[in-house]
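Residue numbers (my numbering): 1150 to 1240.
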């Protein structure tokens, strides 16, 4: 993570963090076919991720209200096409 750094000296503070529905700011990485990639880089057969269930295509930038709709629809379409081509691998 390029935004994380060491916390070397006090004072220390804490904040409660909860999940939300506005992008994952992480999540599984995918390739151009919306296939989920293993940590080693290989494809997990039959597993696709789109929208807020995948790593954001905008990286650490927030595009504003509705900013995840376009990538969600686009990768949903891409995943559907590619999943239909591999019916034996659908998880």
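By construction, the Cβ of each residue, glycine as well, lies at the ideal position given by its N, Cα and C atoms.
{"query": "Among residues of its own chain, excluding the 5 on either side of residue 1187, which ones have a beta-carbon nearer than 8 angstroms to its beta-carbon?", "result": "1193"}
{"query": "Distance, Cα to Cα, residue 1218 vs residue 1205?", "result": "11 angstroms"}
{"query": "By the DSSP assignment, the alpha helix (DSSP H) with residue 1226 in it spans what residues?", "result": "1218-1234"}
{"query": "Residue 1150 to residue 1176, Cα distance in whole Å?", "result": "Any reading at residue 1150 needs caution, since the residue's pLDDT is 49, under 50, leaving its predicted position unreliable; the model's value is listed next. For residue 1150 and residue 1176, the distance between alpha carbons rounds to 12 angstroms."}
{"query": "In angstroms, rounded to a whole number, what distance separates the CA positions of residue 1189 and residue 1199?", "result": "20 angstroms"}
{"query": "Identify, in the order they occur along the chain, each residue of the same chain with its Cβ nearer than 8 angstroms to the Cβ of residue 1221, setting aside the five sequence neighbours on each side.", "result": "1199, 1200 and 1201"}
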